[in-house]
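Visitor: Pasting in a structure now, in structure tokens, and then I'll have a few things to ask.
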Amino acid sequence: MLFHTWEFVIFFSIVMAVYIALKKTKWWQLWLLLVSYFFYGWWNPLFLILIIYSTFVDYLAGLKLGDSKWKKSWLAFSLVNNLFMLGFFKYAGFFADNLRTLFVLLHIPLDVPHPNILLPVGISFFTFQSMSYTIDVYLKQVKIEKNFIRFAAFVSLFPQLVAGPIERAKALLPQMRHEPLIRKVDVSDGISLFLVGLFKKAVMADFLSIYAEKIYSDPSIYGSWALLFGTYAFAWQIYFDFSGYTDMARGIGRMMGIRLMLNFNNPYTAVDLGDFWRRWHISLSSWFKDYVYIPLGGNRGIKYRVYWNLILTMVISGFWHGAAWTFIIWGGLNALGRVATMEVEKSWWYKKIPVLVKQLLVFHFICLTWVFFRAASVADALLILKRFFSGTGGDAEIPVILFSLVGMVWLYQLTFNSKLKPALEYRIVRIGCLVGAMLLYLIFSSTANKQFIYFQF
Amino acid sequence: MNKKKKVRHFSSNAIRLSGRELLIAGAITFLGLMIAVPWLWQKKETVTLDKDFRLAYNYRDDYWTFKKCADEVCRKYPVVFLGDSVIWGMYVDNNHTIPAWLNQKLGTEAAGNLAIDGMHYVAMEGLLKYYGSAIHNKKVFLYFNPLWLNSSKFDLSDNAAMDIHHPRLLPQFSPALKCYREPLSKRMSVLMERNLPFYSLLNHLRLTFFDNEDFNRWIIEHPEESPLTKISFSVDPCEHNHNDSSMTWKMSGITAQDWNWVPLDESKQWAAFNNVLELLKSRNNQVFVLVGSINPFILTKNSLDKYNQLRADICAGLKKENTPFFLLPELPSGSYADASHPLSCGYEQIAATLLQSPDFVKYINQGDGK
Numbered sequence: 000m001l002f003h004t005w006e007f008v009i010f011f012s013i014v015m016a017v018y019i020a021l022k023k024t025k026w027w028q029l030w031l032l033l034v035s036y037f038f039y040g041w042w043n044p045l046f047l048i049l050i051i052y053s054t055f056v057d058y059l060a061g062l063k064l065g066d067s068k069w070k071k072s073w074l075a076f077s078l079v080n081n082l083f084m085l086g087f088f089k090y091a092g093f094f095a096d097n098l099r100t101l102f103v104l105l106h107i108p109l110d111v112p113h114p115n116i117l118l119p120v121g122i123s124f125f126t127f128q129s130m131s132y133t134i135d136v137y138l139k140q141v142k143i144e145k146n147f148i149r150f151a152a153f154v155s156l157f158p159q160l161v162a163g164p165i166e167r168a169k170a171l172l173p174q175m176r177h178e179p180l181i182r183k184v185d186v187s188d189g190i191s192l193f194l195v196g197l198f199k200k201a202v203m204a205d206f207l208s209i210y211a212e213k214i215y216s217d218p219s220i221y222g223s224w225a226l227l228f229g230t231y232a233f234a235w236q237i238y239f240d241f242s243g244y245t246d247m248a249r250g251i252g253r254m255m256g257i258r259l260m261l262n263f264n265n266p267y268t269a270v271d272l273g274d275f276w277r278r279w280h281i282s283l284s285s286w287f288k289d290y291v292y293i294p295l296g297g298n299r300g301i302k303y304r305v306y307w308n309l310i311l312t313m314v315i316s317g318f319w320h321g322a323a324w325t326f327i328i329w330g331g332l333n334a335l336g337r338v339a340t341m342e343v344e345k346s347w348w349y350k351k352i353p354v355l356v357k358q359l360l361v362f363h364f365i366c367l368t369w370v371f372f373r374a375a376s377v378a379d380a381l382l383i384l385k386r387f388f389s390g391t392g393g394d395a396e397i398p399v400i401l402f403s404l405v406g407m408v409w410l411y412q413l414t415f416n417s418k419l420k421p422a423l424e425y426r427i428v429r430i431g432c433l434v435g436a437m438l439l440y441l442i443f444s445s446t447a448n449k450q451f452i453y454f455q456f
Numbered sequence: 000m001n002k003k004k005k006v007r008h009f010s011s012n013a014i015r016l017s018g019r020e021l022l023i024a025g026a027i028t029f030l031g032l033m034i035a036v037p038w039l040w041q042k043k044e045t046v047t048l049d050k051d052f053r054l055a056y057n058y059r060d061d062y063w064t065f066k067k068c069a070d071e072v073c074r075k076y077p078v079v080f081l082g083d084s085v086i087w088g089m090y091v092d093n094n095h096t097i098p099a100w101l102n103q104k105l106g107t108e109a110a111g112n113l114a115i116d117g118m119h120y121v122a123m124e125g126l127l128k129y130y131g132s133a134i135h136n137k138k139v140f141l142y143f144n145p146l147w148l149n150s151s152k153f154d155l156s157d158n159a160a161m162d163i164h165h166p167r168l169l170p171q172f173s174p175a176l177k178c179y180r181e182p183l184s185k186r187m188s189v190l191m192e193r194n195l196p197f198y199s200l201l202n203h204l205r206l207t208f209f210d211n212e213d214f215n216r217w218i219i220e221h222p223e224e225s226p227l228t229k230i231s232f233s234v235d236p237c238e239h240n241h242n243d244s245s246m247t248w249k250m251s252g253i254t255a256q257d258w259n260w261v262p263l264d265e266s267k268q269w270a271a272f273n274n275v276l277e278l279l280k281s282r283n284n285q286v287f288v289l290v291g292s293i294n295p296f297i298l299t300k301n302s303l304d305k306y307n308q309l310r311a312d313i314c315a316g317l318k319k320e321n322t323p324f325f326l327l328p329e330l331p332s333g334s335y336a337d338a339s340h341p342l343s344c345g346y347e348q349i350a351a352t353l354l355q356s357p358d359f360v361k362y363i364n365q366g367d368g369k
């Protein structure tokens with residue numbers, strides 16, 4: 000069930016009516032759990048078995064982490080269970096295919112069939128959210144949740160279940176321990192967030208996807224300009240798609256009196272790669288920072304050790320996004336870029352470079368990495384990069400209207416991050432922006448609702 | 000020591016509106032764009048009707064244009080002809096349809112053609128309900144094509160999912176059509192189109208100027224064209240590309256058909272046809288029904304017997320409701336292009352036959368229909 004469909008409008012209307020009626024009773028958490036399971040089961044009821052199983056294991060592990068002598072074992076049990084689930088459903092095909100290739104290279108006469116396993120939607124998100132709970136309980140950063148219904152509702156909370164933000168137990172569970180507070184301002188804030196998310200997804204992302212798909216479906220027939228603009232289109236598409244989803248998720252949460260974290264903070268206005276990763280998919284970046292990078296040693300130790308920690312964390316992050324070499328290379332490239340620029344960013348001359356130039360440099364480096372993220376294969380990605388630098392030119396077939404819209408959003412974001420920000424806060428500007436966004440939505444929203452990109456992760 | 004306060008961001012933009020501001024934005028969007036824009040557009044847009052007008056085949060799904068044309072046709076002609084491709088004239092030029100032949104034989108511009116290809120009666124009920132309000136206080140000549148009752152599939156009483164002509168005119172929720180299987184989102188968008196003229200206008204623009212494509216897809220496919228230069232306030236909805244065919248059903252190699260025919264009391268199309276009659280009468284129209292003739296030469300003996308019984312039942316039904324009608328006799332074999340469409344000579348014979356009917360002549364001559 001996608002947020003921008005009538006099915007969801009009907010679902011949410013019923014959910015809210017009952018939720019408000021029950022919020023002063025003890026039943027509201029059970030209602031939240033039931034509707035979250037209904038929402039998840041809408042894709043495929045079989046997925047429910049997996050989420051219920053995962054929830055139960057981590058709930059049990061959480062309880063045992065409180066009073067058992069075998070705390071480490073219970074933590075390991077929780078982690079192995081979650082990672083095994085992820086590995087089996089998401090990566091089994093990747094490992095089987097690579098093993099088969101390896102056997103062929105080594106002339107070993109063994110066939111490894113590709114396991115046709117259905118990837119449960121959102122598995123990467125809810126396993127990470129659930130895992131963060133057991134780790135935090137182990138580290139004594141969060142109280143053990145003894146109420147199973149509440150814990151299950153935390154793992155499966157429907158607004159952010161399938162594509163984040165990946166909330167931490169310490170931020171979300173306390174909100175679920177008391178009656179939800181829904182003020183008028185929460186409703187208006189929620190609607191504002193939802194409408195902006197709707198614009199990002201249904202207008203911008205879906206529009207850009209048509210151009211990116213056209214170019215990337217057969218990159219061999221395009222010259223460097225088309226490939227460059229196809230990559231720009233994808234860079235903005237994935238931003239609008241994913242941040243649009245999380246805006247809608249945050250809006251829905253806000254209307255229910257639940258605050259979800261900011262997940263995207265205008266990442267294409269970043270002035271260095273570190274800044275970019277503090278603005279892009281913030282909930283995942285901070286998850287990896289807290290549970291992978293810091294345990295590996297983080298910024299402690301010699302310079303090369305720090306670099307190694309960074310590279311490893313970002314490669315794993317790339318692999319989290321998808322079971323393909325293109326995602327691993329994407330993570331690796333981002334890591335290398337980050338390592339290479341860490342020292343540069345500290346230099347006196349880098350600080351002298353105008354902000355806009357830095358922003359454009361960061362954007363173009365990120366675009367370079369998106370080529371691997373979007374391309375169907377490593378060979379396609381290499382071909383695109385080769386064309387970029389060979390300057391084959393050609394007709395870019397640039398849709399001027401589309402890129403003008405992107406340009407306007409980018410200018411808005413630059414203004415928002417500048418001293419001119421107060422100008423955007425005038426009532427007439429805010430209302431005008433929303434009316435403009437709605438007009439574009441009415442005109443450009445496609446007759447077919449498209450899935451969100453991050454659902455596949 | 001200064002402890003840095005952790006700031007929880009509301010959002011990465013300033014579009015945070017209070018309840019009152021949301022209401023203002025909603026009102027501007029709704030009143031300004033959803034109501035005022037289509038109203039102004041409709042005032043500014045002009046359609047020109049040629050002699051022997053019929054709605055162009057490409058406009059058959061553009062109900063905004065149908066509405067505009069209905070206005071014009073009702074203004075220009077005393078009698079409005081409604082029906083499917085038989086009245087529209089599938090195999091003939093504009094000047095060889097039934098209304099065109101009647102005009103020629105009467106020597107006056109009496110009959111206007113508002114038929115649309117594929118307009119079965121379940122869809123026609125929707126067409127007239129939502130887009131046909133201009134047809135009131137008129138003489139309406141309504142064609143009943145028994146072909147829509149030849150099987151449960153055509154009758155829409157089948158349970159199996161299938162593609163249906165004019166799905167945007169069908170009842171979306173009630174009464175339920177089991178063969179119409181569309182997701183909720185699509186059904187809701189149809190309801191929006193019917194009730195908010197802005198959506199109808201968007202569909203009209205897509206169909207008329209943008210090759211029936213979504214605007215964003217059209218822009219990607221035509222990167223160097225401005226969509227604004229494609230749009231015009233002057234629309235030519237007349238058919239220009241249809242010529243007479245001389246190919247009879249025998250030449251086309253149509254073989255014998257053993258249609259079962261749906262009994263009238265079980266037929267959804269017949270029920271819808273009666274609703275159409277009721278709707279037209281409630282709008283103070285004088286309705287005359289022409290009960291069409293299927294090509295009897297393609298029917299098996301068994302099917303022909305059932306068909307004749309069906310025709311008798313149809314006439315009885317119309318008589319019971321005091322609806323004036325004319326039962327079209329069968330045409331010579333060489334006048335049919337297929338199972339139901341006549342060739343040009345067939346249409347001429349129908350017009351001549353009609354003008355020999357005292358009921359029809361009386362109907363044509365009474366009042367001016369304006």
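Taken in sequence, the protein lines are chains A and B.
Per numbering that gives the first Met the number 0, the first sequence starts with residue 0, numbered consecutively.
Per numbering that gives the first Met the number 0, the second sequence starts with residue 0, numbered consecutively.
The C-beta atom is built at its ideal place from N, Cα and C for all residues, glycine as well.
Model, not experiment: these values are computed from the prediction.
Along the stretch 418-444 of chain A, what residues have a CB closer than 8 Å to any CB found in chain B?
Guide: Residues K420, L423, E424, R426, V428, R429, I430, C432, L433, V434, A436, M437, L438, L441, I442 and F443.
Visitor: Between the beta-carbon of M260/A and the beta-carbon of I293/A, is there less than 8 Å?
Guide: Against a cut-off of 8 Å, the Cβ pair of I293/A and M260/A comes out as no contact.
Visitor: Taking the alpha helix (DSSP H) that L59/A falls in, what are its first and last residues?
Guide: Here the alpha helix (DSSP H) through L59/A covers F46 to D66.
Visitor: Strictly under 8 Å for the Cβ-Cβ distance: is N215/B near chain A by that measure?
Guide: N215/B counts as touching chain A.
Visitor: Using a Cβ-Cβ cut-off of 7 Å (strictly less than) and excluding sequence neighbours within five positions of N94/B, which residues of its own chain qualify?
Guide: Result list for N94/B: D51, in chain order.
Visitor: Would you say the stretch 18-36 of chain A touches the stretch 155-164 of chain A, given that touching needs at least three Cβ pairs under 8 Å?
Guide: A contact exists between the stretch 18-36 of chain A and the stretch 155-164 of chain A.
Visitor: Can a CB atom of chain B be found closer than 8 Å to the CB of E460/A?
Guide: In the structure as shown, chain A starts at 0 and stops at 456, and residue 460/A therefore has no counterpart that could be examined.
Visitor: Under the rule that 16 or more other beta-carbon atoms within 10 Å means buried, what is R426/A, buried or exposed?
Guide: Answer is exposed; the Cβ neighbour count stays below 16.
Visitor: Please work out which residues of its chain come closer than 6 Å, Cβ to Cβ, to G222/A, disregarding the five sequence neighbours upstream and downstream, and give them in chain order.
Guide: Counting only Cβ-Cβ distances below 6 Å, and skipping sequence neighbours, we find T391, G392 and G393.
Visitor: Here's a check: name, in chain order, each residue in its chain whose Cβ is nearer than 6 Å to the Cβ of V202/A, leaving out the five neighbours to either side.
Guide: Counting only Cβ-Cβ distances below 6 Å, and skipping sequence neighbours, we find L439, Y440 and F443.
Visitor: For I349/B, decide whether its Cβ has a neighbour in chain A, counting only Cβ atoms nearer than 8 Å.
Guide: Output row for I349/B: interface = no.
Visitor: Tell me the residue span of the alpha helix (DSSP H) that contains N273/B.
Guide: First-last of the alpha helix (DSSP H) with N273/B: K267 to S281.
Visitor: Just how far apart, CA to CA, sit L410/A and V356/A?
Guide: Computed Cα separation, rounded: 14 Å.
Visitor: Do R249/A and L172/A count as a contact pair if the criterion is CB distance below 8 Å?
Guide: Contact: no.
Visitor: Excluding sequence positions up to five away, which residues of its chain have a Cβ less than 6 Å from the Cβ of R167/B?
Guide: Closer than 6 Å at the Cβ level, and outside the excluded window around R167/B, lie V189.
Visitor: Under 8 Å, do V291/A and N12/B count as touching if we go by C-beta distance?
Guide: Contact flag unset, no.
Visitor: How many angstroms separate the CA atom of P357/B from the CA atom of L206/B?
Guide: Going by the C-alpha atoms only, they are around 43 Å apart.
Visitor: For Q128/A, report the span of its alpha helix (DSSP H) as first-last.
Guide: I122 to Y137 is the extent of the alpha helix (DSSP H) around Q128/A.
Visitor: Along the chain, where does the beta strand (DSSP E) that runs through K138/B open and close?
Guide: Where K138/B is concerned, the enclosing beta strand (DSSP E) stretches over K138 to F143.
Visitor: For L21/A, go through chain B and note every residue whose CB falls closer than 9 Å to its CB, in chain order.
Guide: The contacting residues do not exist; L21/A stays about 24 Å from chain B at best.
Visitor: With a threshold of 8 Å between beta carbons, is R74/B in contact with chain A?
Guide: Cβ-Cβ to chain A under 8 Å: no for R74/B.
Visitor: Restricting to Cα atoms, I'd like to know which of C432/A, F76/A, F372/A and T4/A is closest to K63/A.
Guide: Considering only alpha carbons, the answer is F76/A.
Visitor: Roughly how far, in whole angstroms, is the beta-carbon of A95/A from the beta-carbon of V111/A, given that I think they are within contact range, below 8 Å?
Guide: About 5 Å; that satisfies the 8 Å criterion.
Visitor: Checking contacts by CB at 8 Å: is Y210/A closer than that to chain B?
Guide: Cβ-Cβ to chain B under 8 Å: yes for Y210/A.
Visitor: What's the gap between the Cα of I122/A and the Cα of T54/A?
Guide: In a straight line, the C-alpha of I122/A is about 12 Å away from that of T54/A.
Visitor: Taking 8 Å as the cut-off, decide whether the C-beta atoms of A168/A and D135/A are in contact.
Guide: Their beta carbons are under 8 Å apart, which means A168/A touches D135/A by this criterion.
Visitor: Using a Cβ-Cβ cut-off of 8 Å (strictly less than) and excluding sequence neighbours within five positions of R149/A, which residues of its own chain qualify?
Guide: Within the same chain, R149/A has close Cβ partners Q28, L172, M175 and R176.
Visitor: Could you give the residue range of the alpha helix (DSSP H) that holds N102/B?
Guide: Segment I97 to L105, the alpha helix (DSSP H) holding N102/B.
Visitor: Residues in its own chain within less than 7 Å of S332/B by CB, not counting five upstream and five downstream?
Guide: Answer for S332/B: F296, listed in chain order.
Visitor: Apart from the five residues on each side of it in sequence, which residues of its chain come closer than 7 Å, Cβ to Cβ, to Q348/B?
Guide: The answer, listed in chain order, is L330 and S334.
Visitor: Out of L113/B, D60/B, A122/B and I23/B, point me to the one whose CA is closest to V78/B's CA.
Guide: Cα-wise, what sits closest to V78/B is L113/B.
Visitor: Beta carbon of G316/B, beta carbon of L354/B: below 8 Å?
Guide: No, the Cβ-Cβ distance between G316/B and L354/B is not below 8 Å.
Visitor: Given N102/B, which residues of its chain have a CB within under 8 Å of its CB, disregarding the five upstream and five downstream residues?
Guide: Around N102/B: D51, E108, A109 and A110.
Visitor: Can you give the beta carbon distance from V405/A to W279/A, rounded, assuming they're within the 8 Å contact cut?
Guide: About 17 Å separates the two Cβ atoms, so there is no contact after all.
Visitor: Any Cβ of chain A within less than 8 Å of the Cβ of L16/B?
Guide: Yes, because at least one Cβ of chain A sits closer than 8 Å to the Cβ of L16/B.
Visitor: So, with DSSP's three-state summary, where would you put G111/B?
Guide: Reduced to three states, the DSSP call for G111/B is strand.
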